[in-house]
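S.K.: This structure is in structure tokens; I'll ask about it shortly.
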Amino acid sequence: MRKYFYKLIAVVSVVLFIFSGCGNVSKKSNNQINNKGDIKIWVQFSDETPEGKAWQKIVDNFNKEYQDKYKAITEYIPRSGSGGGYEDKVNAAITTNSLPDVLTLDGPNTAAYANADVIEPLDDYLEDANMDDVLDSIIQQGTYNKKFYAFGFSESSVGIYYNKQLFKKAGIKEDALPTLDKPWTWNEFKAVCQKLVDEYELPAINIQLASKDEMLTYAYTPFIWSNGGDVVNQAGTKALGYFNDPKSAEALQFIQDLVKKGYTTNTPIEKGFETGKYPMLLSGSWTIADLNENYKDLEYGILPYPVSDKTKKLVSPTGSWQVAMSSKTKEKEASAAFIKYVTNTESSKIMSLGNSVLPIRKSTIELIKNDVSEEMRFLMEQNQKSGHARPVVVAYPQVSRAFQQSIQDASYYKENPDVQKIVDVHAEEMQQVIDRMLK
């Protein structure tokens, strides 16, 4: 009973962590669940968004192809800033065993849902799903205890956006820029930052330290991985000895050094990169659409992550939303058929082009590479070569918060200058919550 209680708490924590600030508006399809083979799906976005419109097109295609056998019906439960919505719905359904047949969940929360037996392993249903075509990062984020539980239907990434005009004025030539095959090392990156600071007397890059949220975990873990460190072990059971390993501490030291030397800042100018004040910005694939729509005069490109001087290994972050089968569904075959369909090559194309997100399959990348911008092609290739999902750990929300606090502590170095002591404290904090959740 006690173990079940902690499992339930873990899932509720995930729901509250990821879905806090959701609206209480939902929209159901006019269709009803009436027949065998009918399945209900819950999604966390509105049908009026680009994502919702792409999703509905995929659902319509599924229903047409499987007419008279299966029918998928979506309930749209969008998130907003007023509270309620998807997290309330999922939370209540978990406690009352009333989840839909298929639901969406964010990538790093696979472990909590799987450990609490909320979702069903998919391995037995995927023999004909061409999994060799799926990006490694999608497999990573959907796997828990060597079983595949959740299938990502879109992907994302982060890169270093740079202002071409500011680089040129500072004497940084195009042929000297890093590539995916030869990225800048940390020391080379710092040398470039120094050159830009000398030229413009402003921070060289906004690495979004001011975000103080999941962006810190998402965007900064690659620095640790590049240096050979980690946040937790592969099983997600140990943080001590991993997050406070010297290799992990060195990665946080790199971030602290950027602040110390004035290459970045905790208090950036709002829209500093977009308005031509900062030469660089560390940001995600979603920024492309914003720049292209709202800052048309900005000439920009995207560079790969700088890599550890010791390993020279390029690592980039990945992760987005997934579909999973409820363990309580009575329509397992129909649910599995839908999950395979929404993640096939053609559906991935519809979602990627319709919502300006990265595809989940190599075949989709080949299919759309001539239909997307140069910047999007760069991030798709980066995902293929170096994508890495966030840690798969049952206590992910608490682990992520401890990670974020360690970044805060390291960046406000005047109060906490010793990075090793910082990671020691927060590795212990992570370990305590992991142990509690796994009891």
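Its first residue numbered 638, the sequence shown is counted upward by one per residue in my numbering.
Glycine included, each C-beta is placed from N, C-alpha and C at the ideal position.
1) Using the rule of at least 16 other Cβ atoms within 10 Å of the residue's Cβ for burial, across every protein chain shown, is Asp754 buried or exposed?
2) Could you tell me if Ala856 is buried or exposed, where buried requires 16 or more neighbouring beta carbons within 10 angstroms of its beta carbon?
3) Reducing DSSP to helix, strand and coil, say where Leu839 ends up.
4) Near Thr901, what residues of its chain come up, given a Cβ to Cβ distance below 6 angstroms and the 5 sequence neighbours on each side ignored?
5) By the DSSP assignment, the beta strand (DSSP E) with Trp679 in it spans what residues?
6) With a CB to CB cut of under 6 angstroms and the five nearest residues on each side skipped, what residues in its chain are close to Pro758?
7) Using a Cβ-Cβ cutoff of less than 8 angstroms, which residues in the same chain neighbour Ala926 once the five nearest sequence positions on both sides are dropped?
8) Considering just the uninterrupted stretch of the beta strand (DSSP E) at Met917, what are its terminal residues?
9) Taking 6 angstroms as the limit between beta carbons, can you name the residues of its chain near Arg639, skipping five residues before and five after?
10) Return the first residue and the last residue of the alpha helix (DSSP H) that Met1017 is part of.
11) Run the CB neighbour count on Pro1122, radius 10 Å, all protein chains shown included, and call it buried at 16 or more, exposed below.
12) Can you have a look at Asp697 and say buried or exposed, based on whether 16 or more other CB atoms are within 10 angstroms of its CB?
13) Could you tell me which of Leu928, Lys977, Ser964 and Arg1038 sits nearest to Asn734, measuring between CA atoms?
14) Looking at the secondary structure, which residues open and close the alpha helix (DSSP H) in which Asp1046 lies?
15) What residue range is occupied by the uninterrupted beta strand (DSSP E) comprising Met962?
16) For Ser953, does the three-state DSSP call read helix, strand or coil?
17) Taking the alpha carbon of Ile756 as the reference point, which residue from Thr780, Ser774, Val771 and Met768 has its own alpha carbon closest?
18) Keeping to the same chain, check which residues put their C-beta closer than 6 angstroms to that of Asp867; ignore five residues upstream and five downstream.
19) Please classify Ser719 as buried or exposed, where buried requires at least 16 other C-beta atoms within 10 Å of its C-beta.
20) Is it true that the CB of Pro745 sits closer than 8 angstroms to the CB of Gly921?
21) Within the same chain, show all residues whose beta-carbon is closer than 6 angstroms to that of Lys999, passing over the 5 residues directly before and after it, in chain order.
22) I'd like to check one pair, Glu907 with Leu935: are the Cβ atoms closer than 8 angstroms?
23) Taking contact to mean 3 or more Cβ pairs, one atom from each stretch, closer than 8 angstroms, check whether the stretch 819-830 and the stretch 883-895 are in contact.
24) Here's a check: name, in chain order, each residue in its chain whose Cβ is nearer than 6 angstroms to the Cβ of Ser791, leaving out the five neighbours to either side.
25) Using the DSSP secondary-structure output, state which residues sit across from Tyr799 in a beta bridge.
26) Which ranges does the beta strand (DSSP E) cover as unbroken runs of at least 3 residues, wholly within the stretch 723-752, from first to last along the chain?
27) Tell me the rounded alpha-carbon separation between Gln1019 and Gly722.
28) Cα separation between Gln1057 and Lys1051?
29) Please state if the CB of Phe1015 and the CB of Pro916 are separated by a distance shorter than 8 angstroms.
30) Taking the C-alpha atoms as reference points, what is the distance between Phe699 and Gln778?
31) Can you tell me the Cβ-Cβ gap for Ala1032 and Val1070, rounded? I've got them flagged as a contact below 8 angstroms.
32) Which whole-angstrom value is the C-beta distance of Leu736 and Gln1021, which I expect to be below 8 angstroms?
33) Taking 8 angstroms as the cut-off, decide whether the C-beta atoms of Thr732 and Ser863 are in contact.
34) Kindly indicate which three-state DSSP category Leu995 falls into: helix, strand or coil?
35) When the distance is taken between beta carbons, is Trp679 closer than 8 angstroms to Glu724?
36) How about Phe1040 and Thr854: do their beta carbons lie closer than 8 angstroms?
M.R.: The structure says:
1) exposed
2) buried
3) coil
4) Pro840, Ile842, Ile844 and Leu895
5) Asp675 to Val680
6) Lys784 and Tyr786
7) Ser993
8) Met917 to Gly921
9) Because the pLDDT of Arg639 is 46, which lies under 50, any placement of that residue in the model is unreliable, and the number read from its coordinates should be weighed accordingly. Same-chain partners within the cutoff: there are none.
10) Glu1011 to Ser1023
11) The shown model of the chain, from 638 to 1076, leaves out residue 1122, and the question about it has no answer.
12) exposed
13) Ser964
14) Tyr1033 to Ser1048
15) Trp958 to Met962
16) strand
17) Thr780
18) Tyr879
19) Here the model assigns Ser719 a pLDDT of 46, short of 50, so the residue's position is not dependable, and the following value carries that caveat. Counting Cβ neighbours within 10 Å, Ser719 comes out exposed, since fewer than 16 surround it.
20) no
21) Asp770
22) no
23) yes
24) Ser957, Met988 and Val994
25) Met917 and Gly938
26) 739-743
27) 34 angstroms
28) 15 angstroms
29) no
30) 25 angstroms
31) 5 angstroms
32) Going by Cβ atoms, the distance from Leu736 to Gln1021 rounds to 34 angstroms, so no, they are not a contact pair.
33) no
34) strand
35) no
36) yes
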